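Asker:
In this note's numbering, the protein residues as written are 462 to 1035.
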């Protein structure tokens, strides 16, 4: 009689694991292209729960060497910047291209380097000498080709963009200008470069101080102002100068009220406690007249105080309307979880109307969450490793307060909110019975879900719970939101527990809906590791990232459109 334990019918579908993950559990190793995409969409070169910044860099460099496809590297750099909203990883991929394919580097440079912060990051990565060519030689300076790219950026950037780029040190914009040595296109740019590099005015020749752009002259006048009123008046006219170039010299609440009108929704969201500390929300600080209202929010007039006959909004109303401005939210490339962070970190004395605006903004930011083809089981990893900072530990003052569990909870809440017949199952080494009202706001749901768990990790548990507690329900599939570092329990025939439980789930769904039923398993990975708990195949997809673009890929996959993570990257147009 044949040995049924050896030749079981499930054996052909249960792939043996081929790796051990960072937590010591059985896992499947991703192919180099997908592994690099996973790291590019989640990595920040910060210390994670199971890896250090140095380890991440070593793994990225190794993966770049393994991916012998420069077009893919270029597309991945664009995907990481434009779709995943990352900063450091697209910069790293751009620097890698600079030593492998300078033509492609030039084609994507301006799209990756879309602000001064990314420019400084690219510059520092080049100076580090970590990125080597095929001969194994690292570069610590700007090659002539890379220098041309920097020169082009510096000569074409607007005055406002250059001033924004001057915020930050080590490296500073002055360091970049001194190494890039751009030839100024006119005297205005020559004077601007001289001022940015702290050269004496005599060395600007043939440019003079009078050639400085109006914005720079006004900035100098602002910093030299002796009164709060004079500063507030000048600040109102500095349209292209970022507020944080002015805040260090602000002399009082009236100036801060003027700065509020210069802040975009992102800056307002991040600085609510700062505005509270500077009495911006106090009555009499400054009431903003409204020239006209729009469908997306408020367009403020130029005055800072009430004028006779003007329609007015208090500063609280203005800030709330700006934060919840739908067009601004869609344009700002903000992670949905960042509104959750602002909500959690807001001081108790921040006005309730502004906190309500954060709820609304989170709903808008998650607006790309589609209605799925059917209800799904949402497995939410609440284990101890999910308490680590989602952007990695970068040291005191630079580490985000947002944890992986907060982001995972927001993802789960957003999916549930749009697909209310779905089921959320938090887990660590136990599966929890979460009673959630899908009609609550996304932030309220996320806040409740983030309080579960804290133990070890067994990613199979939500699937097991679905097979036991929800065995009579039909589902379109299962979505796991995790760091994929499962180490408790194993599966049959050398597979993972997730794969074994998934096969049981598929079998049960086919009993309920017929043999043609084709449920899908989606694993959303929030950390830059290179192993997963379920191997890629027709009914299983692994994807990484924090942005809402992840939802579109999930929806297409569940609807039988076989869009995969790597295919999504390769669809980017250069």
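Glycine is no exception: its CB is placed at the ideal position from the N, C-alpha and C atoms. For clarity, every value in this text was computed on a predicted model and none was experimentally measured.
So, residue 841 versus residue 886, is the Cβ gap smaller than 9 Å?
Answerer: Within the chain shown, the letter at position 380 stands for residue 841. Within the chain shown, the letter at position 425 stands for residue 886. Their beta carbons are under 9 Å apart, which means residue 841 touches residue 886 by this criterion.
Asker: Spell out a yes or no on whether the stretch 620 to 634 and the stretch 566 to 581 are touching, meaning 3 or more CB-CB pairs, one atom from each, closer than 8 Å.
Answerer: A contact exists between the stretch 620 to 634 and the stretch 566 to 581.
Asker: Assign residue 700 to one of two classes, buried (16 or more other C-beta atoms within 10 Å of its C-beta) or exposed (fewer than that).
Answerer: Start at 1 with the first residue of the chain shown, and residue 700 comes out as number 239. The residue in question, residue 700, is exposed, as its Cβ has fewer than 16 Cβ neighbours within 10 Å.
Asker: Mind checking residue 667: buried by the 16 CB within 10 Å criterion, or exposed?
Answerer: As a working mapping, residue 667 is identified with position 206 in the chain shown. Exposed.
Asker: My guess is that residue 603 and residue 541 are in contact by the Cβ rule of under 8 Å, so how many angstroms apart are they, rounded?
Answerer: Mapped onto the chain shown, residue 603 falls at position 142. Mapped onto the chain shown, residue 541 falls at position 80. Between residue 541 and residue 603 the Cβ distance is about 23 Å, and since that is not below 8 Å, they are no contact.
Asker: For residue 984, does the three-state DSSP call read helix, strand or coil?
Answerer: One-based indexing of the chain shown puts residue 984 at position 523. Residue state, collapsed to three classes: strand.
Asker: Below 8 Å on the Cβ atoms is my guess for residue 956 versus residue 476; work out the distance and round it to an integer in Å.
Answerer: Counting from one through the chain shown, the residue named residue 956 turns up at place 495. Counting from one through the chain shown, the residue named residue 476 turns up at place 15. Sure, about 6 Å apart at Cβ, within 8 Å.
Asker: Under a three-way DSSP split, which group does residue 801 fall into?
Answerer: Translated into positions along the chain shown, residue 801 becomes position 340. Residue 801 falls in the helix class under three-state DSSP.
Asker: Report the residue ranges of all beta strand (DSSP E) runs contained in full by the stretch 930 to 980; include only those spanning at least 3 residues, in chain order.
Answerer: For the stretch 930 to 980, whole beta strand (DSSP E) runs of length 3 or above, ordered along the chain, are 938 to 943.
Asker: Taking DSSP's pairing of strands, which residues face residue 540 in a bridge?
Answerer: By one-based count along the chain shown, residue 540 stands at place 79. BP columns for residue 540 are empty, so no partner.
Asker: Within a Cβ cutoff of 7 Å, which residues of the same chain sit near residue 741, ignoring the five residues on either side of it in sequence?
Answerer: Taking the chain shown and counting its residues from 1, one reaches residue 741 at position 280. Excluding sequence neighbours, residue 741 sits near 714, 717, 718, 721 and 776.
Asker: Which residues share a DSSP beta bridge with residue 892?
Answerer: Here residue 892 refers to the residue found at position 431 when the chain shown is read from its first residue. Partner(s): 888.
Asker: In the DSSP assignment, find the beta strand (DSSP E) that holds residue 790 and state where it starts and stops.
Answerer: Mapped onto the chain shown, residue 790 falls at position 329. Here residue 790 belongs to no beta strand (DSSP E); instead the alpha helix (DSSP H) covers 787 to 792.
Asker: Within 10 angstroms of the Cβ of residue 738, are there 16 or more other Cβ atoms? Answer buried if so, exposed if not.
Answerer: On the chain shown, residue 738 is found 277 positions in, with the first residue counted as 1. Classification for residue 738: exposed.
Asker: Would you list, in sequence order, the uninterrupted beta strand (DSSP E) runs of no fewer than 3 residues that lie entirely inside the stretch 691 to 722?
Answerer: Counting only runs of 3 or more, we get nothing.
Asker: With a CB to CB cut of under 7 Å and the five nearest residues on each side skipped, what residues in its chain are close to residue 797?
Answerer: What you label residue 797 is simply residue 336 of the chain shown in a count that begins at 1. Excluding residues within five positions, the ones whose Cβ falls inside 7 Å are 823, 826, 827, 871, 875 and 1009.
Asker: If we ignore side chains and look at the alpha-carbon of each, how far apart do residue 711 and residue 689 end up?
Answerer: One-based indexing of the chain shown puts residue 711 at position 250. One-based indexing of the chain shown puts residue 689 at position 228. Going from the Cα of residue 711 to the Cα of residue 689 covers about 8 Å.
Asker: Is it true that the CB of residue 914 sits closer than 9 Å to the CB of residue 948?
Answerer: Locating residue 948 in the chain shown gives position 487, counting from the first residue. Locating residue 914 in the chain shown gives position 453, counting from the first residue. In this structure, residue 914 does not lie closer than 9 Å to residue 948 by Cβ.
Asker: Candidates 839, 591, 1016 and 832: which alpha carbon is nearest residue 519's?
Answerer: By 1-based counting over the chain shown, the position of residue 519 is 58. Nearest C-alpha to residue 519: 591.
Asker: By the three-class DSSP mapping on this structure, what secondary structure does residue 765 have?
Answerer: Within the chain shown, the letter at position 304 stands for residue 765. Bear in mind that the predicted position of residue 765 carries a pLDDT of just 40, short of 50, making it unreliable; the figure below should be weighed with that in mind. Of the three classes helix, strand and coil, the one that applies to residue 765 here is coil, per DSSP.
Asker: Can you give me the C-alpha to C-alpha distance between residue 1012 and residue 644, rounded to a whole angstrom?
Answerer: Taking the first residue of the chain shown as position 1, residue 1012 is located at position 551. Taking the first residue of the chain shown as position 1, residue 644 is located at position 183. Spanning the two alpha carbons is a distance of roughly 45 Å.
Asker: Give the straight-line distance between the Cα atoms of residue 530 and residue 811, rounded to the nearest whole angstrom.
Answerer: On the chain shown, position 69 is the one that residue 530 refers to. On the chain shown, position 350 is the one that residue 811 refers to. Looking at the two C-alpha atoms, the distance is approximately 50 Å.
Asker: Residue 490 by DSSP, collapsed to three states: which one?
Answerer: Sequence index remark: in the chain shown, residue 490 carries index 29 (1-based). DSSP places residue 490 in strand when its eight states are reduced to three.
Asker: By how many angstroms is the C-alpha of residue 940 removed from the C-alpha of residue 847?
Answerer: Walking along the chain shown from the start, residue 847 turns up at place 386. Walking along the chain shown from the start, residue 940 turns up at place 479. About 17 Å.
Asker: Check this for me: beta carbons of residue 1029 and residue 544, under 9 Å apart or not?
Answerer: Here residue 1029 is taken as the residue at index 568 of the chain shown, counted from 1. Here residue 544 is taken as the residue at index 83 of the chain shown, counted from 1. In this structure, residue 544 lies closer than 9 Å to residue 1029 by Cβ.
Asker: Once you ignore the five residues that flank residue 633 on each side, which residues in its own chain have a CB closer than 6 Å to its CB?
Answerer: As a position in the chain shown, residue 633 is number 172, starting the count at 1. Excluding residues within five positions, none has a Cβ falling inside 6 Å.
Asker: Rounding to the nearest angstrom, what Cα-Cα distance links residue 850 and residue 864 in this structure?
Answerer: Here residue 850 refers to the residue found at position 389 of the chain shown. Here residue 864 refers to the residue found at position 403 of the chain shown. Cα to Cα, the separation comes out at about 4 Å.
Asker: Output needed for residue 686: all residues of its chain with C-beta closer than 7 Å, excluding positions within five of it in sequence on either side, in chain order.
Answerer: Stepping through the chain shown from its first residue, residue 686 is reached at position 225. These residues qualify, in order along the chain: 692 and 695.
Asker: Quick one: what does DSSP say residue 998 is sitting in, helix, strand or coil?
Answerer: Numbered from its first residue, the chain shown carries residue 998 at position 537. The answer is strand: DSSP assigns residue 998 an E or B state.
Asker: Could you pull out every residue in the same chain whose Cβ sits closer than 6 Å to the Cβ of residue 568, ignoring the five residues on either side in sequence?
Answerer: Here residue 568 corresponds to residue number 107 of the chain shown, with the count starting at 1. Contacts found: 1035.
Asker: Of all the alpha helix (DSSP H) runs that stay within the bounds of the stretch 565 to 592, which reach a length of 4 or more residues?
Answerer: Qualifying alpha helix (DSSP H) stretches, in chain order: 577 to 588.
Asker: Below 8 Å on the Cβ atoms is my guess for residue 982 versus residue 963; work out the distance and round it to an integer in Å.
Answerer: Against the chain shown, residue 982 aligns to sequence position 521. Against the chain shown, residue 963 aligns to sequence position 502. Contact flag correct, Cβ pair sits at about 5 Å.
Asker: Per DSSP, what are the beta-bridge partners of residue 842 in this structure?
Answerer: As a position in the chain shown, residue 842 is number 381, starting the count at 1. DSSP output for residue 842 lists 888 as bridge partner(s).
Asker: Give me the residue from 554, 561 and 588 with the minimum Cα distance to residue 572.
Answerer: Sequence index remark: in the chain shown, residue 572 carries index 111 (1-based). Residue 572 has its Cα closest to that of 554, out of 554, 561 and 588.
Asker: Between residue 513 and residue 505, what straight-line distance do the alpha-carbon atoms span, to the nearest angstrom?
Answerer: The residue you call residue 513 lines up with position 52 of the chain shown. The residue you call residue 505 lines up with position 44 of the chain shown. Going by the C-alpha atoms only, they are around 11 Å apart.
Asker: So, at 6 Å on beta carbons, what are the nonlocal neighbours of residue 501 in its own chain, with the 5 sequence-adjacent residues on each side left out?
Answerer: Taking the chain shown and counting its residues from 1, one reaches residue 501 at position 40. Closer than 6 Å at Cβ, skipping near neighbours: 537, 541 and 550.
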